[in-house]
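Each residue of the sequence shown is one higher than the one before, starting from 0 at the first, in numbering that gives the first Met the number 0.
First comes the structure, then the notes that go with it.
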Amino acid sequence: MDKYLKINDYKKISLPPVGKLIGFYPVEVKSGEALFRLETKQEHFNPMGTVHGGILCDLADAAMESLLQHYWRKMSPLQQ
């Protein structure tokens, strides 16, 4: 998998390394929205049979970081 997600013809953002470890990846990042996909496996589940909260937190963290990078790179140097 590529180490960057292409935002448009001029911008790329780095992919979160934890995604490779856990098995999630970005599908799309656009203004106000980050879509990631996780195909769950048995090791993602807790004893109650649901996805472990830590996995969900890592996924949410990666999506929020991707949005932050998306907006940060759109800003001009004067806005930063």
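Virtual Cβ for every residue (Gly too), placed ideally from N, Cα, C.
- request: Could you name the residues that DSSP lists as bridge partners for K40?
  value: Translated into the one-based positions of the sequence shown, residue 40 becomes position 41. Paired residues: none, contrary to the question.
- request: Pull up the CB-CB distance for F23 and L67, whole angstroms please, since I reckon it's below 8 Å.
  value: Within the sequence shown, residue 23 is the residue found at index 24, counting from 1. Within the sequence shown, residue 67 is the residue found at index 68, counting from 1. Contact doesn't hold; Cβ gap of about 17 Å is too wide.
- request: Answer with buried or exposed for V26, where buried requires no fewer than 16 other C-beta atoms within 10 angstroms of its C-beta.
  value: For the purposes of this step, residue 26 is taken as the residue at position 27 of the sequence shown. Exposed: under 16 other Cβ atoms inside 10 Å.
task: Would you tell me roughly how many angstroms separate the C-alpha atoms of K29 and H69, rounded to the nearest one?
output: Translated into the one-based positions of the sequence shown, residue 29 becomes position 30. Translated into the one-based positions of the sequence shown, residue 69 becomes position 70. Between K29 and H69, the C-alpha separation is close to 8 Å.
query: Is DSSP giving L55 helix, strand or coil here?
result: Walking along the sequence shown from the start, residue 55 turns up at place 56. The answer is helix: DSSP assigns L55 an H, G or I state.
- prompt: What do you get for G18, buried or exposed, if any count of 16 or more other CB atoms within 10 angstroms of its CB means buried?
  reply: Your numbering for residue 18 matches position 19 in the sequence shown. Buried, because 16 or more other Cβ atoms sit within 10 Å of the Cβ of G18.
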